[in-house]
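Have a look at the structure below before the remarks.
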Amino acid sequence: MAAYVSMGEAHRRITEYLTRFSDAVSYQDGQSLSRLLSVSSNSPALLSLADALNTYQDANRIIRQSEKYSQYTDILVPIFRALQSYRLRNLVEAYVAFEKVSNAFIQEFRNWESAWALEALYVIAYEVRILAERADIELASIGKTPEKLKGAGSFLMKVFGVLAGKGAKRVGALYVTCQLFKIYFKLGTVHLCRSVIRSIETAKFFDFEEFPDRDKVTYMYYTGRLEVYNENFPAADHKLSYALAHCNASKEANIRMILKYLIPVKLSIGILPRTTLLEKFNLTEYSDVVLALRRGDLRLLRHALQEHEDRFLRSGVYLVLEKLELQVYQRLVKKIYIIQKQKDPNKAHQIKLDVIVKALKWLEMDMDVDEVECIMAILIYKNLVKGYFAHKSKVAVLSKQDPFPKLNGKPVNS
Amino acid sequence: MADRNHQPQKPITNRRDKFSSDSNQSKSHNPKPSNPISNCRNDTVSAHQDFPALMGSCPFMCPVEERIRRERLRDLSVLERLHGNPAKTSPTLAVKKFCRTISTREMQASDLRPIPVLESTLNYLLNLMHSEDHPFEVVHDFIFDRTRSIRQDLSMQNAVGDRVIHMYERMVKFHIVSRHHLQRSCGTPNAVSLYHLNAEQLMKSLTTLLNLYEANRADSHSTFLQSEAEFYSHYLLLHLDSKNQGEPLSLWLRRIPSPIMKSREMRFARRILRYYRMGNYKRFIHTTENEASFLQYCIIEPYINEVRILALSCISYGGYKMQAYPLVQLSKILMMEESEVENFCTDCALETSSDGATGKGLMSTKQLVVNKFSSGPHKYYPMNSERVHRLYAELPEL
Chain B
1 MAAYVSMGEA
11 HRRITEYLTR
21 FSDAVSYQDG
31 QSLSRLLSVS
41 SNSPALLSLA
51 DALNTYQDAN
61 RIIRQSEKYS
71 QYTDILVPIF
81 RALQSYRLRN
91 LVEAYVAFEK
101 VSNAFIQEFR
111 NWESAWALEA
121 LYVIAYEVRI
131 LAERADIELA
141 SIGKTPEKLK
151 GAGSFLMKVF
161 GVLAGKGAKR
171 VGALYVTCQL
181 FKIYFKLGTV
191 HLCRSVIRSI
201 ETAKFFDFEE
211 FPDRDKVTYM
221 YYTGRLEVYN
231 ENFPAADHKL
241 SYALAHCNAS
251 KEANIRMILK
261 YLIPVKLSIG
271 ILPRTTLLEK
281 FNLTEYSDVV
291 LALRRGDLRL
301 LRHALQEHED
311 RFLRSGVYLV
321 LEKLELQVYQ
331 RLVKKIYIIQ
341 KQKDPNKAHQ
351 IKLDVIVKAL
361 KWLEMDMDVD
371 EVECIMAILI
381 YKNLVKGYFA
391 HKSKVAVLSK
401 QDPFPKLNGK
411 PVNS
Chain Z
415 MADRNHQPQK
425 PITNRRDKFS
435 SDSNQSKSHN
445 PKPSNPISNC
455 RNDTVSAHQD
465 FPALMGSCPF
475 MCPVEERIRR
485 ERLRDLSVLE
495 RLHGNPAKTS
505 PTLAVKKFCR
515 TISTREMQAS
525 DLRPIPVLES
535 TLNYLLNLMH
545 SEDHPFEVVH
555 DFIFDRTRSI
565 RQDLSMQNAV
575 GDRVIHMYER
585 MVKFHIVSRH
595 HLQRSCGTPN
605 AVSLYHLNAE
615 QLMKSLTTLL
625 NLYEANRADS
635 HSTFLQSEAE
645 FYSHYLLLHL
655 DSKNQGEPLS
665 LWLRRIPSPI
675 MKSREMRFAR
685 RILRYYRMGN
695 YKRFIHTTEN
705 EASFLQYCII
715 EPYINEVRIL
725 ALSCISYGGY
735 KMQAYPLVQL
745 SKILMMEESE
755 VENFCTDCAL
765 ETSSDGATGK
775 GLMSTKQLVV
785 NKFSSGPHKY
795 YPMNSERVHR
805 LYAELPEL
């Protein structure tokens with residue numbers, strides 16, 4: 001709650017902030033400026049300022065008193081309001097005020113020559129998103145339509161437009177893009193990512209390599225996820241692997257997030273992770289899936305999908321994992337083949353469909369011979385098995401050479 | 415009276431620059447925030463957030479001015495003609511047409527029909543489905559256009575709530591049933607175009623309906639309507655082939671509330687989805703035959719042929735070259751009459767041959783079967799199934 005502050009002390013704090021602000025701009029000190037704008041950070045300095053504002057109540061008068069401050073009225077008046085509102089937990093008001101701050105800031109930013117204020121711009125972009133998210137929560141809780149985050153998205157698109165051009169400022173565009181991704185993903189309007197991606201990747205103004213590493217990793221993470229949702233596995237593999245390779249090794253939480261999507265992709269192209277990896281990054285929800293693939297155990301796969309259904313659905317990998325079924329069938333048939341080879345190498349390549357039916361029954365999967373024939377037909381058609389099946393004799397005949405082709409980094413044929 | 419309907423007005427857009435997002439509390443006619451419906455434009459170009467929603471006051475199925483104008487211009491559907499007269503209609507026959515180029519600025523309350531009138535209009539229209547006086551395509555076309563106008567009226571009034579939901583549910587069912595009928599008569603180019611237009615409106619109205627459900631849940635603090643699960647499953651079944659259709663299914667599934675996911679209808683739809691994606695043609699066809707409701711069957715129907723083609727491809731590709739695969743068995747797996755199986759194979763450019771003892775069979779070929787059919791309705795081979803025939807007989811209430 002707001003602490004008690006004397007009027008004199010309040011005046012002092014407010015003036016101090018105003019001085020810091022105008023000095024930061026005069027001396028082009030981006031770092032200091034950004035600290036003055038991070039409303040949601042709850043830094044002691046800003047908290048104490050907010051208390052001062054709530055005590056003093058007419059800080060705008062102080063702004064008007066000096067030319068040094070009043071030239072930034074359009075930014076300062078709303079930032080004070082935002083800080084006050086945020087402190088009092090009026091989140092919608094805080095966002096509305098901060099939107100004004102951001103608009104005014106962008107006007108100034110455009111006119112500033114070099115890219116000195118980029119760091120402050122990043123803070124603006126970040127705060128716009130965070131405050132909008134919190135405002136929407138408040139709106140929903142009082143039964144109103146949450147639309148602030150959507151507005152934040154529109155605003156950031158404008159900012160993106162400001163940055164997309166020649167000049168040093170364009171380096172900031174990827175950060176803003178990533179904020180946009182986070183907004184679109186949260187809102188579920190993921191199709192809006194397309195236009196930003198196109199702008200970034202068409203390289204008219206942008207050279208991808210010149211962006212900061214941290215932003216490149218985030219960007220590849222999100223675009224990689226989009227590829228997963230669209231089931232473009234080679235592209236997803238490329239992007240998520242890039243993110244993984246360039247991610248700071250100490251940021252384990254981020255690595256885990258990348259792996260969460262990379263693992264299903266790798267599984268789809270036939271590459272299985274080690275148990276140690278899953279354990280290290282706490283991704284044990286995939287353990288049974290991996291085991292099912294190793295063993296050819298369809299029951300285990302189904303069980304794993306059921307047990308973690310909610311989690312897999314929320315992250316959007318459920319359908320990808322479900323499709324691994326074909327590879328599990330392949331593995332099962334291969335195991336039967338290996339067992340038969342041990343008994344009688346000459347006849348191993350002929351597998352009676354009834355044997356497969358029995359194996360599945362043993363796994364508590366009830367399938368008749370017609371369905372088994374259907375599965376074999378699909379496996380052959382999709383090149384997971386080389387050979388043919390004979391309906392009359394109810395047998396599958398495997399090719400003598402390489403009957404179970406490996407995926408080799410390519411997804412199963414659609 | 416100036417004729418307002420056919421002048422293409424410059425659409426009202428970009429008002430956001432003049433209005434901030436939280437101004438304009440003057441929506442005195444509109445009890446609810448406009449958001450959910452304004453996302454579903456239905457070809458109107460109004461910007462709902464910026465204008466107070468109108469409350470319709472037209473008591474007829476068709477506004478008087480429009481009726482008189484269309485009489486004068488002889489722009490009357492066959493179903494609107496009084497005693498077959500192309501220049502005469504009546505208030506009990508005329509129904510407001512869908513208008514593509516209307517903007518809110520021009521719209522007056524007397525042009526819009528309030529919810530009770532829309533409800534009775536919808537009743538009237540859907541009853542026409544039973545009429546035998548006109549060919550199906552004519553009836554469909556009429557209902558198609560007039561229900562689109564109903565949706566337009568609802569959208570312009572930012573209408574929400576149970577009654578609106580119920581209307582949308584009925585209109586979605588209409589499109590689903592039409593899908594089935596149009597699929598059967600896909601011979602003529604007209605039918606093909608009607609089929610595609612119908613598919614488009616089916617998607618639009620179903621999407622709006624799902625948005626309405628969400629808004630309803632938000633308002634009434636998460637009570638689900640009994641019908642919701644069914645319509646979510648319809649959406650899923652319509653998107654079996656998710657690649658070509660906008661939002662990827664994986665993303666859509668993220669947002670579905672758990673109770674709906676666990677419903678019987680959604681479980682059925684998800685199983686069908688799994689079989690489709692896996693290529694498990696046997697279970698796809700048999701599960702559909704065995705468990706689908708009539709409406710679910712109508713939606714799945716166009717995919718059945720696609721899956722049958724896949725089945726033929728797999729069987730002809732992987733089957734033993736020295737033995738033709740018996741057509742009898744094919745008819746069992748594909749659930750087609752034996753006589754039709756042979757035609758079907760020929761349509762797919764696959765050879766059949768007589769195998770003496772076992773009868774006719776499908777010759778294997780290592781060449782992949784090219785899907786010669788474009789997307790959309792192909793020659794229609796019905797499901798050879800008692801249960802499905804019974805489904806046709808028990809048409810659902812629209």
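So the protein sequences, as listed, match chains B and Z.
Residue numbers 1 to 414, in the working numbering, belong to the letters of the first sequence in order.
Residue numbers 415 to 812, in the working numbering, belong to the letters of the second sequence in order.
Note that beta-carbon positions come from the ideal geometry of N, C-alpha and C, so glycine has one too.
Quantities reported herein were computed from a predicted structural model and do not represent experimental measurements.
| Asked | Found |
| --- | --- |
| Minimum length 4: unbroken alpha helix (DSSP H) runs contained in the stretch 325-411 of chain B | 325-343, 353-362, 369-381 |
| Which residues DSSP lists as bridging Z/Tyr-739, in chain order | Z/Leu-776 |
| Contact list for Z/Pro-662 against chain B, beta-carbon separation under 7 Å | Tyr-229, Asn-230 |
| Contact under 9 Å by Cβ, B/Phe-80 with B/Glu-127 | no |
| Near-chain B residues of the stretch 739-750 of chain Z (beta-carbon distance less than 9 Å), N- to C-terminal order | Tyr-739, Pro-740, Gln-743, Lys-746, Ile-747 |
| Contact set between Z/Asn-537 and chain B, taken where Cβ atoms lie within less than 7 Å | Under the 7 Å cutoff, chain B gives no residues; its nearest Cβ is about 32 Å from Z/Asn-537. |
| The alpha helix (DSSP H) enclosing B/Ser-141, as first and last residue numbers | 118-141 |
| First and last residue of the uninterrupted alpha helix (DSSP H) at Z/Ser-768 | Run containing Z/Ser-768: none in the alpha helix (DSSP H); it sits in the beta strand (DSSP E), 766-768. |
| Per-residue DSSP class, three states only, for Z/Gly-470 | coil |
| Alpha-carbon spacing of Z/Lys-446 relative to B/Glu-147, whole angstroms | Because Z/Lys-446 carries a pLDDT of 38, less than 50, the predicted location of this residue cannot be relied on, and no value is offered for it. |
| Residues bridged to Z/Asn-395 [DSSP beta-bridge criterion] | For chain Z, the structure presents residues 415 to 812; residue 395 of chain Z sits outside this window and is missing. |
| Cutoff 9 Å: Z/Ser-789 Cβ touching any chain B Cβ | Model confidence at Z/Ser-789 stands at a pLDDT of 45, short of 50, so the residue's coordinates are unreliable; what they give is reported in the following sentence. It does not: the Cβ of Z/Ser-789 has no partner Cβ on chain B nearer than 9 Å. |
| Assumed close pair Z/Ser-563, Z/Phe-512 - CB separation to whole angstroms, cut-off 8 Å | 4 Å |
| Three-state class that DSSP yields for B/Leu-240 in the structure shown | helix |
| Buried versus exposed, by CB contacts within 10 Å (16 or more), B/Met-220 | buried |
| Where Z/Gly-733 sits in the DSSP three-state scheme | strand |
| Contact under 9 Å by Cβ, Z/Arg-409 with Z/Ala-508 | The requested residue 409 of chain Z does not occur in the structure, where chain Z is confined to residues 415 to 812. |
| Residues in the stretch 696-729 of chain Z having any Cβ partner in chain B nearer than 7 Å | Lys-696, Arg-697, Ser-727, Cys-728, Ile-729 |
| Whole-angstrom distance between B/Pro-264 and Z/Arg-804, CA atom to CA atom | 43 Å |
| Within 9 Å, strictly: CB atoms of Z/His-640 and Z/Phe-682 | Per the sequence shown, residue 640 of chain Z should be read as Gln rather than His. Result no, Cβ atoms of Z/Gln-640 and Z/Phe-682 do not sit closer than 9 Å. |
| CB contact flag (Z/Pro-505, Z/Phe-556, <9 Å) | no |
| Residues of its chain near B/Val-159, where Cβ-Cβ distance is below 7 Å and the 5 sequence neighbours each way are ignored | Ile-106, Ala-125, Val-176 |
| contact_flag[the stretch 335-347 of chain B, the stretch 306-320 of chain B] where n(CB pairs < 8 Å) is 3 or more | no |
| CA-to-CA distance, Z/Glu-628 to Z/Ile-670, given in whole angstroms | 10 Å |
| Limits of the unbroken alpha helix (DSSP H) element including Z/Pro-530 | 529-541 |
| N- and C-terminal bounds of the alpha helix (DSSP H) containing Z/Glu-520 | No alpha helix (DSSP H) holds Z/Glu-520; DSSP gives it neither H nor E. |
| Interface flag, B/Phe-429 vs chain Z, CB-CB below 9 Å | With chain B represented from 1 up to 414, any question about residue 429 of chain B goes unanswered, as that position is not in the structure. |
| B/Phe-389: contacting residues in chain Z (beta-carbon distance under 8 Å) | Gly-732, Gly-733, Tyr-734 |
| Sequence-distant residues of the same chain with beta carbon closer than 6 Å to Z/Val-721, five excluded per side | Tyr-695, Phe-698 |
| Beta-carbon separation (whole angstroms), B/Leu-291 vs Z/Leu-663, contact threshold 8 Å | About 27 Å separates the two Cβ atoms, so there is no contact after all. |
| Boundaries of the alpha helix (DSSP H) in which B/Arg-229 is found, first to last residue | Correcting the residue identity first, residue 229 of chain B is Tyr in this sequence and not Arg. Looking at the DSSP string, the run of the alpha helix (DSSP H) that includes B/Tyr-229 is 213-229. |
| Three-state secondary structure assigned by DSSP to Z/Cys-728 | helix |
| Residue-chain proximity (B/Gly-161, chain Z), Cβ-Cβ < 9 Å | no |
| Interface partners of B/Ile-380 on chain Z, CB under 8 Å | Cys-728, Tyr-731, Gly-732 |
| Spatial neighbours of Z/Val-531 in its chain, beta-carbon cut-off 8 Å, leaving aside the 5 residues before and after | Gly-470, Cys-472, Pro-473, Phe-474, Met-475 |
| Distance between B/Phe-206 and B/Val-171 (C-alpha atoms, nearest Å) | 8 Å |
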